[in-house]
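In what follows, a single structure is set out as structure tokens and then discussed.
2 protein chains.
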Amino acid sequence: MDLAKGNAGPRFAPMILAGGSGTRFWPRSRRAHAKQVLALDGERTMIQQTLERLLPLAAAEDVWVFTNKLLSAVIAEQLPQVARDKILAEPVARNTAPACALAAFLLERTAPETVIGVFPSDHVIRNNARFCEVIRAGVKLATSGERIVVLGVPPTRAETGYGYIELGNVVDAASVPCGDVPVRRVKRFTEKPDLARAEEFVATGNYAWNGGIFLWSARTLANAIREYSPAMAPLLEKIAAAYAKSQAEFNRVFAEVYPLCEEISIDYAVLEPRSAKGEAGSEIYCLPADFAWNDLGSWAALYEHRAGYKPGDLETENVSDGASTQSVVVDAQGNYVYALGKVVALIGVSDLVVVETTDALLITTRERSQDVGKVVAELKERGRYDLI
Amino acid sequence: MDLAKGNAGPRFAPMILAGGSGTRFWPRSRRAHAKQVLALDGERTMIQQTLERLLPLAAAEDVWVFTNKLLSAVIAEQLPQVARDKILAEPVARNTAPACALAAFLLERTAPETVIGVFPSDHVIRNNARFCEVIRAGVKLATSGERIVVLGVPPTRAETGYGYIELGNVVDAASVPCGDVPVRRVKRFTEKPDLARAEEFVATGNYAWNGGIFLWSARTLANAIREYSPAMAPLLEKIAAAYAKSQAEFNRVFAEVYPLCEEISIDYAVLEPRSAKGEAGSEIYCLPADFAWNDLGSWAALYEHRAGYKPGDLETENVSDGASTQSVVVDAQGNYVYALGKVVALIGVSDLVVVETTDALLITTRERSQDVGKVVAELKERGRYDLI
Chain G
607 MDLAKGNAGP RFAPMILAGG SGTRFWPRSR RAHAKQVLAL DGERTMIQQT
657 LERLLPLAAA EDVWVFTNKL LSAVIAEQLP QVARDKILAE PVARNTAPAC
707 ALAAFLLERT APETVIGVFP SDHVIRNNAR FCEVIRAGVK LATSGERIVV
757 LGVPPTRAET GYGYIELGNV VDAASVPCGD VPVRRVKRFT EKPDLARAEE
807 FVATGNYAWN GGIFLWSART LANAIREYSP AMAPLLEKIA AAYAKSQAEF
857 NRVFAEVYPL CEEISIDYAV LEPRSAKGEA GSEIYCLPAD FAWNDLGSWA
907 ALYEHRAGYK PGDLETENVS DGASTQSVVV DAQGNYVYAL GKVVALIGVS
957 DLVVVETTDA LLITTRERSQ DVGKVVAELK ERGRYDLI
Chain F
607 MDLAKGNAGP RFAPMILAGG SGTRFWPRSR RAHAKQVLAL DGERTMIQQT
657 LERLLPLAAA EDVWVFTNKL LSAVIAEQLP QVARDKILAE PVARNTAPAC
707 ALAAFLLERT APETVIGVFP SDHVIRNNAR FCEVIRAGVK LATSGERIVV
757 LGVPPTRAET GYGYIELGNV VDAASVPCGD VPVRRVKRFT EKPDLARAEE
807 FVATGNYAWN GGIFLWSART LANAIREYSP AMAPLLEKIA AAYAKSQAEF
857 NRVFAEVYPL CEEISIDYAV LEPRSAKGEA GSEIYCLPAD FAWNDLGSWA
907 ALYEHRAGYK PGDLETENVS DGASTQSVVV DAQGNYVYAL GKVVALIGVS
957 DLVVVETTDA LLITTRERSQ DVGKVVAELK ERGRYDLI
């Protein structure tokens, strides 16, 4: 198989994480058609936009995609540039740590200096040029030593659904190869704080959201896994060794061994224990994800993104998506409607979310749109697997 | 042609008025598919329910339907029991007076004693047995003299969209052939009062809504038209004479002469001038339409009817119509949803009306649902005749 070769200079291998089975965009998102393969924002799907954003930074042949069995076929179809044998479908979900670690062990065998970049497949980024600048700086930074680079999103509200990065000292620009991209050390990671703490974090100005983008060399991450997840490391090394033999052997070992790995996020498995070494010793650096990032976590977030609103703006525009080319609006504002090729008429309604597919019709408010998971849970309870 | 023959005893000829081009149930109702031919309430269409309700009272061969050219084909299809030559399609809309008058002149030629009953085609009635009792009493009452019988709906709210009937003296049951159906004389008709007057009317207990159901003999109405609308009478007599000759002759004269008639309601043309003769002299009688009548004037009215609510009830039930066989409800109440064969999920929404057709999606509130006419007007403005 075609593993990235260790040529002169650091090579950059993006790894797109696309295993999510998100229910947040139900009824458009389904188990076999998750958010990352939907065109929520424009004509390209989320994962297509993710790949396009990376292609100025890396050769398509160096891109890896980590997904699941329900999604791998549609992803292969949507990303024809990516080598079929670099789209890995996990036999069972094991969260992000085993996935990231497998990439590290795979590349460590032949190109240990390669910098791996981990990228979620279902976020939107408006400023691609800035994204490239920051990632280029991060790749250079991650090349030497045992450095781990994380990207921190400037927080705009006291969000309790994200992880937070507490920022440490500013790193002198002259001592790092990052040009004018500012670099901070990292003190600590805090997963999903309660509202009071989130408000406190945002007020200090010293915290960033953890956007799930990480950079490290294959060797650095492989070593970190050996150090902090000693049970997991030999399992993944075995899978990586099988990959070098044959597709059939890899499939067999992957299916057999991967389920034995602990189900744990890369944050808990590596970032938190490493950060315990202290700001100076941990060698974790944070670059700003200041490129208009949005994780589109709900229909409400999509509405704000599509309408071009920032939190706190007066949100009055109606957004009509899908093939609904025409709207008639009478005293209505702040609504998001996705409809299939029909005229949409809004009379005297505000802040609603209405989403129509061929088999379902969701009616909720922007405020309650994060509760679609309850509907999916109820449909699962009723055995309506055709609808989830 | 098969005109009703003047046999022994009063014959009863129901005349179903089905010319309305109602926009109140847009997007389900369209010019060529108006409310009366929709199954809003159960599996039968409104006009099918209207005919079925009348068949215990009259032979199908005695039923007349007055409609327009856009609707006559679908009505003929929905009412196969009605003779094709008794479904008359007006060449232009002229409101109810010319329509009712034409029926009177048609029947006067051969069976002047026939009692004509005028029935709207788009109202719902829950108690059909009581309906039959009241109409039977009304037919008997209308048989003698120049009597006009109107049906008054017991008002349940200060509705400003209806006409009101001011009731006069109670008629002694022994002096009329109406069994235990109470009979009142009529003082006066008042079209669509303002809110203050409507409230006053309802408070007195002496007013009824005009439900648009009238009974009179062919001769009585023909004479009344000659008296109060002398310009219209000869025009309609000419059309009636042509009907007796041939279908082709009728079509020609109907198309030529009917447009010359004044566009006026039967209320203004006959009932109001006749009532000016005073309670005792006008010979107008009112029977109670106490058979659970509802004109289904809006999506909100349909919701209340479907949910079985009366005004003032706490309306919390969600009603899911159309082929939407299943709903998932999370903190939602009082919503009406019509969807095409899909699961409907409601989260945190109240008192909405959502109606999906193959080409349109309406989203409004029960309170604002009477404003769908504004959407239809706007679509007309934009030339979207495909949608109205």
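The listed protein sequences derive, respectively, from chains G and F.
Just so we're aligned, residue 607 is where the first sequence starts under the numbering used here, counting upward by one.
Just so we're aligned, residue 607 is where the second sequence starts under the numbering used here, counting upward by one.
Using N, Cα and C, we set each Cβ at its ideal position, and we do this for glycine too.
These numbers come from a predicted model, not from an experiment.
Quiz item: Taking just the CA atoms, how far does serine 904/F sit from glutamate 962/F?
Solution: Distance from the CA atom of glutamate 962/F to the CA atom of serine 904/F, rounded to whole angstroms, is 16 angstroms.
Exercise. Could you confirm whether any beta carbon from chain F is found closer than 8 angstroms to the beta carbon of glutamate 962/G?
Key: yes
Quiz item: Is DSSP giving valine 740/G helix, strand or coil here?
Solution: helix
Exercise. List the DSSP bridge partners of tryptophan 670/G.
Key: In the DSSP output, where bridge partners are listed per residue, tryptophan 670/G has Met621/G.
Exercise. Starting from arginine 974/F, find everything on chain G with Cβ-Cβ shorter than 7 angstroms and list it in chain order.
Key: Ile953, Gly954
Practice problem: Identify, in the order they occur along the chain, each residue of the same chain with its Cβ nearer than 8 angstroms to the Cβ of tyrosine 834/G, setting aside the five sequence neighbours on each side. | Solution: Ala875, Val876, Pro879, Arg880
Quiz item: Are leucine 958/G and valine 949/F close, meaning C-beta to C-beta below 8 angstroms?
Solution: no
Quiz prompt | For aspartate 977/G and lysine 883/G, the rounded distance between their alpha carbons | solution = Their Cα atoms are separated by approximately 39 angstroms.
Quiz item: Do we get a CB-CB distance below 8 angstroms when we pair isoleucine 969/F with the residues of chain G?
Solution: yes
Self-check item: Extent of the continuous alpha helix (DSSP H) run through arginine 659/G
Solution: 652-660
Quiz item: Residues of chain F with CB under 7 angstroms from glutamate 923/G, in chain order?
Solution: Here the premise fails: no neighbours, minimum Cβ distance about 16 angstroms.
Self-check item: Length of the line joining the Cα atoms of glycine 626/F and leucine 646/G
Solution: Cα-Cα distance, rounded: 43 angstroms.
Practice problem: In the DSSP assignment, find the alpha helix (DSSP H) that holds phenylalanine 860/G and state where it starts and stops. | Solution: 853-863
Practice problem: Could you tell me whether the stretch 705-718 of chain G touches the stretch 842-851 of chain G, where touching means 3 or more Cβ pairs closer than 8 angstroms? | Solution: yes
Quiz prompt | Close-in-space but distant-in-sequence residues of the same chain around isoleucine 969/G (CB under 6 angstroms, 5 per side omitted) | solution = Val960
Quiz item: How long is the line joining the alpha carbons of aspartate 1002/G and phenylalanine 631/F, rounded to whole angstroms?
Solution: Residue 1002/G lies beyond the stretch modelled for chain G, which goes from 607 to 994, so this question has no answer here.
Self-check item: aspartate 901/G, buried or exposed, once every other Cβ within 10 Å from all chains shown has been counted against 16
Solution: buried
Quiz prompt | Reduced DSSP category for glutamine 642/F - H, G, I as helix; E, B as strand; rest coil | solution = Three-state result, glutamine 642/F: helix.
Self-check item: Collapsed DSSP secondary structure at serine 880/F in the structure displayed
Solution: Note that residue 880/F is arginine in the sequence shown, not serine. Of the three classes helix, strand and coil, the one that applies to arginine 880/F here is helix, per DSSP.
Quiz item: Roughly how many angstroms separate the alpha carbons of proline 840/G and glutamate 752/G, rounded to a whole number?
Solution: 20 angstroms
Exercise. Say whether chain F places a C-beta atom closer than 8 angstroms to the C-beta of alanine 614/G.
Key: Because alanine 614/G sits at a pLDDT of 41, beneath the cut-off of 50, its placement in the model cannot be relied upon, and the point is left open.
Quiz item: For the beta strand (DSSP E) that contains leucine 967/F, what are its first and last residues?
Solution: Run containing leucine 967/F: 966-971, per the beta strand (DSSP E) assignment.
Quiz item: Taking all protein chains shown into account, do 16 or more other C-beta atoms lie within 10 angstroms of the C-beta of methionine 621/G, making it buried, or fewer, making it exposed?
Solution: Around the Cβ of methionine 621/G, a 10 Å sphere holds 16 or more other Cβ atoms; the residue is buried.
Quiz item: For cysteine 867/F, which three-state DSSP category applies?
Solution: coil
Exercise. Check distances from the C-beta atoms of the stretch 762-794 of chain G to those of chain F and list, in chain order, the residues that come in under 7 angstroms.
Key: Hits within the stretch: zero.
Quiz item: Run through DSSP, which three-state label would glycine 774/F get?
Solution: strand
Quiz item: Are the Cβ atoms of isoleucine 845/F and tyrosine 864/F separated by less than 8 angstroms?
Solution: yes
Quiz item: Using the beta-carbon of each residue, which ones in chain F are nearer than 7 angstroms to alanine 847/G?
Solution: By Cβ distance, chain F contributes nothing, its closest Cβ being about 47 angstroms from alanine 847/G, past 7 angstroms.
Quiz item: Per DSSP, arginine 794/F is paired with what?
Solution: Glu772/F
Quiz item: asparagine 816/F by DSSP, collapsed to three states: which one?
Solution: strand
Quiz item: Do we get a CB-CB distance below 8 angstroms when we pair aspartate 965/F with the residues of chain G?
Solution: yes
Quiz prompt | For tyrosine 909/F, the first and last residue of its enclosing alpha helix (DSSP H) | solution = 905-913
Quiz item: Can you pull the DSSP bridge partners for alanine 637/F?
Solution: In the sequence on display, residue 637/F carries arginine and not alanine. According to DSSP, which records beta bridges pairwise, arginine 637/F is partnered with nothing at all.
Quiz prompt | Cβ neighbour criterion (16 or more within 10 Å) applied to serine 888/F | solution = buried
Practice problem: Would you give the residue range spanned by the beta strand (DSSP E) that cysteine 892/F belongs to? | Solution: 890-894
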